[in-house]
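First the structure, in the form of structure tokens, and then the observations on it.
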Amino acid sequence: MMFDSSIVTTIFAEFSPLAPMIVMIIGALVMPAVFFATKRKSAVAAVMIAVIAISMLFNVLMMVDGYQADYAGLFAYDAFAGVMILLFQIVAFFTALVSVSSSETTRMHYGAFNALLLAATTGMMFVATASDLITIFLGIELASITSYVLVAMKRSDPRAAEAAVKYVIFGGLSTALTLYGLSMLYGVAGTTNIEDIAIALSTQDFSWAFGIAMITMIAGFGFKIAAVPFHAWAPDVYEGAATPVTMFLGTGSKKVGFVALFKIFLVIFVAASSTAAFATEELQYIFAIIAAITMTVGNVVAISQNNIKRMLAYSSIAQAGYILIVMAVMSEYALASGMFHMFTHVFMKGGAFLIVGALITVGIGEKISDYQGLAKRAPFIAFAMTLFLFSLAGIPPLAGFTSKLFLFSSAIYDGGVMTQWVWLAFVAVLNSAISLYYYTRVVKAMYIEKGANAERIKIPKTFTAAIVTCVVFVIILGLFPQLIMDFCADAAAVLFG
Amino acid sequence: MIPIEVYLIFAAVLFAIGAYGVVVKNNTIVVLMCIELMLNAANINFIVFSAFTTDVLGQVFVIMSISVAAAEVAVGIAILLNAYKIKGTIEADGLASMRW
Amino acid sequence: MFVEYTWLVPLVPLLCFVIVGFFGKKMPHGGGPLVIFGALFAFVLSLLISYDFFTSDAYHNPGYVTSQIEWFSVGSFQMNVGYYIDSLACMMMLFASFISTLIFVYSIGYMHDEGAKRRRYFAQVSLFLTGMLGLAVSSNFLEMFVFWEIMGLCSYLLIGFWGFNHPKGDDASDSASSAAKKAFLVTRLGDVCLMGGMFVLLFEFGSLDYVTVFDTSMMAAVDPNMIMLGSLLIFGGVIGKSAQFPLLDWLPDAMAGPTTVSALIHAATMVKAGVYLVARCFPLFTQNPEVMLFVGVIGGITAFFAATMALNNMNIKKVLAYSTLSQLGYMFLALGAGGYMMALGMQSGDAALMAAGAIGYTAGCLHMVNHAFFKALLFLGSGSVIHATGTEDMREMGGLHSKMKITSITMLIGSLSIAGFPLFSGFWSKEIVLETAMHAGDYGVEGYLFTIMWILAIVTAFMTAFYMFRMWFMTFKGKSGHGAEHCHGESPKSMTIPLIILSVFAAALGCILLFGFDDYITIGIHAGHFQVGSGHGHGLAGWLEDIFLSMYTYLTIALVLIAIAVAYVMYNKASVNPGKFNKNGSSWLYKALTNRWWFPQLYDQIGWKLGNGVAKGVEFVDTQMIDGTVNALSSAVVGSGESLGKMQTGNVRDYAAIVMIGVVLLFVAILALFYFMGGL
Amino acid sequence: MFSDIFAFTYEIPYLLTLLLIIPLVGAIATLAMGGKRQKNAKYVAGVFSFVTMVLSVILMFTPDLSVYSESYTWIETAGVKMSYILSVDGLSILMVFLTGVLVFLSTVFSARESDKPHYFFALILAMEVGLMGVYMAGDYFLFYIMWEVTLIPMYFLISWFGGPRRHYAAIKFFIYTHVASVVMLIGIFAIVFGAATGGIADFSFEAVLAGSAAFGSTFQVLVFGLLFFGFAVKMPIVPFHTWLPDAHTEAPTAGSVLLAGVMLKMGSYGIIRVCLEVLPEGAQYWQPIMVFIGILAMIYGAYACIAQKDLKKMVAFSSISHMGMVMIAMACLSDIGIQFAIFQMFAHGLISAVLFMVAGATGHSVGTREIPLLGGLAGKLPLLAAFMMFGFLASLGLPGLVGFWAEFGIIFGFYDYAVSVDMLWLVIFCLLSLLLTAGYYLWAMQRTMFGRLTTKIDLSHIHDLSRPEVIALGAVCALIALFGLWPDLALSYLEGYSSSLALTLGVI
């Protein structure tokens, strides 16, 4: 058999469920050493990529093989974990790949930068495998605290410093909210294991403590995923951070919040929905409202942005709104679609950020007006950017369209019955149409408007490689979504028992 | 025996004080301290629930979260230092160049 | 056997149109000779077909030859294309192709100076001929309508022939293009009605074939009200095409086209299409006497009104145009009166009354043919004059008789004929028209209307004679005008020869009435179905008796003679000043007549208000309200983006406040939701 | 049918796929003709679009269209199934033909395009992919993809090659129609998932049609509304039409030709293909509304034409008016109505091509399309005047040209409907629109080509049509005349389809 996880189990024995993370951690530990030994960014990058590749290889082997195992009741590797880990690995891979040639990332502390990157990724992967509130919390914090530093690690840029401050304060605030919520949840359920919580709650009636737990957890995770009104930090941090880091935050870090949301809420509610005592629907409405507001605010405010990073940040907020549909609909199909959308989001939003980073590296500004005439100066980059943006807007046959198609359709029908979330689907599609407006502004600047400068642009090779990969995936996932959608469906089946 | 509600209300008040501080304080160091207050409110919750249910996991959680909070404050202070070095201020009002 | 080649009759001119249209640039005279050949071919073929038809058994029973193939189908309704030959079709083919041939020959001379434009002219007239001949031989309403519209198109194009680059300058271009548009639009109004009528028929009869629609048993099975609706709508088309009251205003304007076009289209052929259609639909129209009454009244009113307007007009072509309208009115009066009697006869089963009605049919058709010849003659004559003098204003002519003898004499013949001078063509047909109208007045409840129409018609006869001779005297006699001095003599042979030929017909054609015309062109019910022709006419003696033993004939003759005399005194001897009667042009009547009873102003007002007025309103709604809403929506989205963006102050404390507000809101929302959903 | 004249029985493998791939390859090849090879872009585009046209014509000559259906499962995951299905039936064959012909002819017409020609022609070919795809798709997923694919080339065509207000027009076109598309997408979800059986939502037309029997009345009515809105914007129907005049005014001629000639038809095609086929009960419910807005569009469009000052804008509004006619025809829900609705789509496709070519050519030759600035140009531009006259006459429904038969059939079908609902007076509106149509065209003709030669503009540079323009116009005019003289050539394709659809609708 081509995909055989026995190699992993042979090496890691009972730690196999943590195999991808272990590889990353080791990588994180050796990275500074590598840097100090070689003093060359490229060497570090090569090791980085190797580490991530190995980790990814293990994960793919396990995922495709359908490996399932549990470690100490705290971690569980299953299809869901496999898919999400893959996502985080891809994000880390891109970040590592481009940060080597980006002009924004630190040069002096490059080893530390990579170590932190790996640590952050590991944190995210922990969340994906976690089966206990404690591990979820720790994973999130590992990812968060390291990313604060990543944001700050931009060469003496006042905006990065400011962004880092904002990020750390808001991260702390969200940690506090989340922790408070977790404590209440613990109090209500009397345990920290998610499965056990679900079982415990399914026999309980609604209580105030539970309500508060829900609210504070929504707020805390809402911060992570940048849902309105907990989104305010996102545009500033995205703008201030080095663009590869922005990409890491926008496509990876954000998903951590979703993974935690899925892990905690879906499991609890799916278990709870079997008993009538528990009010699932009310919280679904809460999520639906948040989703609607988030996508609307994200899209509408994006229209007025002139800085492309900020615009993409707001667009990320809107995308989070779309994915929140999963939480409103709470069906297996919706979850699969949502996960698939996260994947396509990595490629399209990641691709867009990569291009922004590449252009900053070659000295083009972040303003939309700086992109004027880009089609002449860098035809491929302009073309790729157009693809990413149109994909984000949901223009077929690109990946963003297909994933939105799955996602929005999940809001309409659930198992042959028309759901009550049709209005949400409406809000979503109309938003999607609005978003076309600001994406088109960029396209217009690149293709239609004439720039002051007409000389050709040559962007670093690593950027090109990453962008090409994204382009390929944006097209392939659009045309053949089942490549990943099948795994997402398996993963969703795990959470829905 | 003091009923559990009292502890919970205490923690909630602590949490609210922290939240209030985050909103009104201009000095970001104080803001970080307020966040610590909020974290500690959650920690108290954990301890209380742990004590009342005689479940040890809550205390484990607290130990974890205290260490996390420590790390967070360390990173936070470092970041504030960096900001002070670059921007010459750590006041929230002075760190508002990116907006709209 | 020639009948089987009927499809060639319209096709040959069509081919000429295509050839001339695409390759005419390199042909001599812009392709004129080819077009003449096409028309001549059509004429000869028509002769052969007619001979063939009249000698065949089919002429006697069932009275027609038809053959068609499927064209396409509308749902379950099959639309056909084919030919339908009966006496009426033969007559139409013959006179249309014959007159066209002559006019085309004339055009060679008349259009000689037009250079490259002649190609366009000849192509279009050839297409027109296709339309006219196709109309005559069509086997169903739809096919007929196609040709009907092709004629309308050609009329439009030819009126607008000088719609740009007019030799007389931009003002003339303006008025020509405006006249063309008006002609098309007004006839279009009629055509739309005709189309509506076709829908009624198609829906009621399930077919548009003449054979089916005119079948007596079919008609009996259909709701008479729907037949009435259909008939009236079809007559609406006729009103437009034949410029009857109240849609008569376009025809005078149409004189902006070349004179040959006026002769061909707006006198001899196209405007006759309406008459043809009424004659063709006689079986249908006679199902309701009211329809025929309507036809007759419209005809009578038009005859009168148009004649009044001709009384004081100074434009030679316009006089002729009004006269055309008036004469068309006669034809409809005849058909209407005849049809009225026939309808009443059918209802009461009175065979004599039906026979009397058939005379109306004959009268209408005969007048149509006669009018085609003498009006073509008159127009061509006037064209000859215009060609020579370069003006259309009769005040600038005068005294041309000596310079243009042939034109003058042929036009005199035409005038005598149209005026109804005894024994000239027009006399015969006009007499029986009047007789039918008078006769119809005796029957039915509304018959008195025909009496009124008869009186109007007699007055019209007087006026006709007056204005025709006013025209002739003003043009050819009296003082030479400004334009007459430019005249360098007679027109070329290509123009005079057609005039001479036409004048022969104009003078003598009417006599065919006495020699069995009504055997062929009459209508009656034979073996349960309507049949045109193979009737038993009055014969020579019968007609002579009819006409010359009636005192009313002498009344008309007297009126005509008086009118000619008055014109002579006023315009030839100039012993009586016409200005005396109209306060030198300041009487209200005079003004009313020169302003065409203010019809144009009325139409312009209505048309402008209904067209442009509403359009302005629509435009306002479109740009301000509908598009305004769209733009407002989009700027609302953009604007709200900007103001929402302002919430992003950049200050962490504000952000924290937003978060806290969010938490509180969540709390409230959860409370509210639980409350409303009965959770608590 | 063409196949009655000559039956082309050789079965070209993957013909329908070729119809998509050839223009796609052509677009890429043309795009590669940048830089110094720009001159050759038009030849490359011409060859590819010509081959596509030939294939679409071959399709017309094929006696049995069913041999050309292709079906492959494409995506099968998480309870949804999408397939790559291409097929051609009586409804789509004319549209495919129209697309093939018009794309080639607009390429020919634009042969003089000299600014970035490789982009220009590549965009036109890219649009052809989408258009062909929409008409041939047998799967809602593919259908929607193709539907949206048409937008992007059009957006670029307008905003690159358009007039002075092109940015506004392009973005308005893009966003407006995209909003409609996404609403339509919701409707598609509803029918696809509503028709799902055994937990598999199959996006193919066939499966949805099979599952549609289970749709309840309320569902049908609601979903019909969604889909109808989506399609109506594309058609466009008053009051959702305002993007169209702007888009047309600013678009380059070839863009306008394709926009009016083929793209608008996507809307009415969708209504027939999706709304009527799948939701017959919804159609019954919406029938009066469709009739009302159809009449509204017809009359409103015609009146708006009268008020227009820009020749192209006038033609754009006339499209709205004529598509209103398509709407009332469809609203009859009868075989005649549907047959002639499709026929009118076809007819209007050809006619509007001429109209927009002529309007565009006026802009090129004279330098302005403002009617008040023109006048008396027929003497200077005889060919243009002749084609304009032909186009106007065809559009106002001159018998013997293709537009008349469409209008004739539509009004008759509508008459039938009006009788059945006992409101015969409704027919008056149709007749009125015919009259108004004649009115605005003739008035425009009078003001532009006839009458006083204008002195308001500099006439020293005006030139008559170039040879490629004449060829393109001549070819379309020939088709108009051909189908006008022999309407059965096109109508016979529709008979089977329309009568079976009418059976579904329960009204014959």
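Residue numbers (the working numbering), protein chains in the order written: chain A, 1 to 497; chain B, 498 to 597; chain C, 598 to 1277; chain D, 1278 to 1785.
The C-beta atom is built at its ideal place from N, Cα and C for all residues, glycine as well.
Closer than 8 Å: is that where the CB of Thr1350 of chain D sits relative to any heavy atom of the ligand NAP?
Although the ligand NAP was asked about, the structure shown includes no ligands whatsoever.
Taking only runs that begin and end inside the region 1053-1127 of chain C, name each unbroken alpha helix (DSSP H) of 4 or more residues, in chain order.
1090-1105 and 1114-1117
Cα separation between Ala1388 of chain D and Val1747 of chain D?
To locate residue 1388 of chain D, count along the fourth sequence from 1; it is residue 111. To locate residue 1747 of chain D, count along the fourth sequence from 1; it is residue 470. Cα-Cα distance, rounded: 11 Å.
How would you list, in chain order, the residues of chain C whose beta-carbon sits under 9 Å from the beta-carbon of Val422 of chain A?
For this step, residue 422 of chain A is matched to residue 422 along the first sequence. The premise fails here: Val422 of chain A is roughly 18 Å from chain C at the closest Cβ pair, so nothing lies under 9 Å.
Using alpha carbons as the reference points, say which of A:Ala43, A:Met31 and A:Ile54 lies closest to Leu21 of chain A.
Mapped onto the first sequence, residue 21 of chain A falls at position 21. Strictly speaking, residue 21 of chain A in this sequence is Met, with Leu absent from that position. Out of A:Ala43, A:Met31 and A:Ile54, A:Ile54 has the C-alpha closest to the C-alpha of Met21 of chain A.
Alpha helix (DSSP H) segments (min. 4 residues) lying fully within the region 197-263 of chain A:
208-225, 233-240, 243-247 and 254-261
Beta-carbon contacts of Ile682 of chain C that lie in its chain and below 8 Å, excluding the five residues immediately before and after
Taking the first residue of the third sequence as position 1, residue 682 of chain C is located at position 85. Cβ neighbours of Ile682 of chain C beyond the five flanking positions: Val600, Thr603, Ile646, Phe650, Tyr661, Val662, Thr663 and Val734.
Distance between Cys1609 of chain D and Ile1785 of chain D (C-alpha atoms, nearest Å)
Stepping through the fourth sequence from its first residue, residue 1785 of chain D is reached at position 508. Stepping through the fourth sequence from its first residue, residue 1609 of chain D is reached at position 332. Confidence in Ile1785 of chain D is poor, its pLDDT being 36 and thus under 50, which makes the residue's placement unreliable; the coordinate value appears in the next sentence. Approximately 10 Å, taken between the alpha carbons.
May I have the straight-line CA-CA distance separating Glu1043 of chain C from Gly933 of chain C, to the nearest angstrom?
Locating residue 1043 of chain C in the third sequence gives position 446, where the first residue counts as 1. Locating residue 933 of chain C in the third sequence gives position 336, where the first residue counts as 1. Near 13 Å, if we compare the C-alpha coordinates of Gly933 of chain C and Glu1043 of chain C.
In chain order, each alpha helix (DSSP H) run of at least 4 residues that lies wholly inside the region 500-537 of chain B
501-521
Would you report the Cα separation of Phe1145 of chain C and Leu1152 of chain C, rounded to the nearest angstrom?
Counting from 1 along the third sequence, the entry for residue 1145 of chain C is found at position 548. Counting from 1 along the third sequence, the entry for residue 1152 of chain C is found at position 555. Looking at the two C-alpha atoms, the distance is approximately 11 Å.
Output yes if chain A places a C-beta closer than 9 Å to the C-beta of Phe512 of chain B; else output no.
For the purposes of this step, residue 512 of chain B is identified with residue 15 of the second sequence, where counting begins at 1. Output row for Phe512 of chain B: interface = yes.
Start-to-end residues for the alpha helix (DSSP H) that takes in Ala1269 of chain C:
Mapped onto the third sequence, residue 1269 of chain C falls at position 672. Run containing Ala1269 of chain C: Val1249 to Phe1273, per the alpha helix (DSSP H) assignment.
So, Leu1709 of chain D versus Gly1208 of chain C, is the Cβ gap smaller than 9 Å?
Locating residue 1709 of chain D in the fourth sequence gives position 432, where the first residue counts as 1. Locating residue 1208 of chain C in the third sequence gives position 611, where the first residue counts as 1. In this structure, Gly1208 of chain C does not lie closer than 9 Å to Leu1709 of chain D by Cβ.
Here's a check: name, in chain order, each residue in its chain whose Cβ is nearer than 6 Å to the Cβ of Leu1263 of chain C, leaving out the five neighbours to either side.
For the purposes of this step, residue 1263 of chain C is identified with residue 666 of the third sequence, where counting begins at 1. Excluding positions up to five away in sequence, the list is empty.
Interface residues of the region 531-551 of chain B facing chain A [CB-CB below 7 Å]
Ile532, Met535, Leu536, Ala538, Ala539, Asn542, Phe543, Phe546 and Thr550
Could you list which residues in chain C have their beta carbon closer than 9 Å to that of Phe1727 of chain D, in chain order?
For the purposes of this step, residue 1727 of chain D is taken as the residue at position 450 of the fourth sequence. Chain C residues near Phe1727 of chain D: Gly757, Gly760, Phe761, Ser770, Asp771, Ala773, Ser774, Ser775, Ala777 and Lys778.
In chain order, what residues of the region 731-748 of chain C put their CB closer than 7 Å to some CB of chain D?
Phe742, Val743, Glu746 and Ile747
Would you give the residue range spanned by the beta strand (DSSP E) that Glu281 of chain A belongs to?
Walking along the first sequence from the start, residue 281 of chain A turns up at place 281. Premise fails: Glu281 of chain A lies in the alpha helix (DSSP H), Thr280 to Ile303, not in any beta strand (DSSP E).
Within chain D, the residues that Met792 of chain C reaches when beta carbons sit closer than 8 Å:
Working through the third sequence from its first residue, we reach residue 792 of chain C at position 195. Here the neighbours are Phe1685, Ile1688, Leu1708 and Leu1711.
The beta strand (DSSP E) that contains Lys1358 of chain D, what's its start and end?
Position 81 of the fourth sequence holds residue 1358 of chain D. Element bounds for Lys1358 of chain D: Val1357 to Leu1363.
Reduced DSSP category for Val916 of chain C - H, G, I as helix; E, B as strand; rest coil:
The residue given as residue 916 of chain C occupies position 319 in the third sequence. Helix, per DSSP.
Tell me the DSSP secondary structure of Asp767 of chain C in three-state form.
The residue given as residue 767 of chain C occupies position 170 in the third sequence. DSSP places Asp767 of chain C in helix when its eight states are reduced to three.
Can you say whether Phe1273 of chain C is buried or exposed, counting buried as having 16 or more other CB atoms within 10 angstroms of its CB?
Taking the first residue of the third sequence as 1, we reach residue 1273 of chain C at position 676. Classification of Phe1273 of chain C: exposed, given that the 10 Å Cβ count is below 16.
What is the DSSP secondary structure of Ala276 of chain A, reduced to helix, strand or coil?
Counted from its first residue, the first sequence places residue 276 of chain A at position 276. For Ala276 of chain A, the predicted structure reports a pLDDT of 43, less than 50, and the residue's modelled location is therefore unreliable. A value from the coordinates is still provided. Here Ala276 of chain A sits in coil by DSSP.
Identify which residue in A:Phe206, A:Thr251 and A:Ile293 has its Cα closest to the Cα of Ile268 of chain A.
Walking along the first sequence from the start, residue 268 of chain A turns up at place 268. Residue A:Phe206 is the option with its Cα nearest to Ile268 of chain A.
Mind checking the region 154-180 of chain A against chain B and listing, in chain order, the residues whose C-beta falls within less than 9 Å of any C-beta there?
Ser156, Asp157, Pro158, Arg159, Ala160, Ala161, Glu162, Ala163, Ala164, Val165, Lys166, Tyr167, Val168, Ile169, Gly171, Gly172, Leu173, Thr175, Ala176, Leu177, Thr178, Leu179 and Tyr180
Length of the line joining the Cα atoms of Ile199 of chain A and Thr192 of chain A:
For the purposes of this step, residue 199 of chain A is taken as residue 199 along the first sequence, with counting starting at 1. For the purposes of this step, residue 192 of chain A is taken as residue 192 along the first sequence, with counting starting at 1. Cα to Cα, the separation comes out at about 12 Å.
Report yes if the CB atom of Thr586 of chain B is closer than 9 Å to the CB atom of Leu578 of chain B, and no otherwise.
For this step, residue 586 of chain B is matched to residue 89 along the second sequence. For this step, residue 578 of chain B is matched to residue 81 along the second sequence. Contact flag unset, no.
Apart from the five residues just before and just after Leu644 of chain C, which ones in its own chain have a Cβ nearer than 6 Å to its Cβ?
Numbered from 1 along the third sequence, position 47 holds the residue referred to as residue 644 of chain C. Here the set comprises nothing.
Have a look at Ala277 of chain A and Ala209 of chain A and give me their C-alpha separation to the nearest angstrom.
As a position in the first sequence, residue 277 of chain A is number 277, starting the count at 1. As a position in the first sequence, residue 209 of chain A is number 209, starting the count at 1. Note that Ala277 of chain A scores 49 on pLDDT, short of 50, meaning its location in the model is unreliable; the coordinates nonetheless yield the value given after this. Computed Cα separation, rounded: 16 Å.
Enumerate in chain order the residues of its own chain whose CB-to-CB distance from Gly451 of chain A is below 6 Å, with the five nearest sequence positions on each side excluded.
Translated into positions along the first sequence, residue 451 of chain A becomes position 451. Cβ within range, chain order: Gln372 and Gly373.
Pull the bridge partners of Val671 of chain C from the DSSP assignment, please.
For the purposes of this step, residue 671 of chain C is taken as the residue at position 74 of the third sequence. Val671 of chain C pairs with C:Phe674.
Within this structure, are the beta carbons of Val427 of chain A and Leu1241 of chain C separated by less than 9 Å?
What you label residue 427 of chain A is simply residue 427 of the first sequence in a count that begins at 1. What you label residue 1241 of chain C is simply residue 644 of the third sequence in a count that begins at 1. Contact flag unset, no.
Take Tyr1774 of chain D and list the residues in its own chain whose beta-carbon comes closer than 7 Å to its own, dropping the five residues that flank it on each side.
Numbered from 1 along the fourth sequence, position 497 holds the residue referred to as residue 1774 of chain D. Only Asp1366, Gly1367 and Leu1368 meet the Cβ criterion.
How is the beta strand (DSSP E) around Glu1347 of chain D delimited, first residue to last?
The residue labelled residue 1347 of chain D in the question sits at position 70 within the fourth sequence. Note, Glu1347 of chain D: beta strand (DSSP E), Glu1347 to Thr1354.
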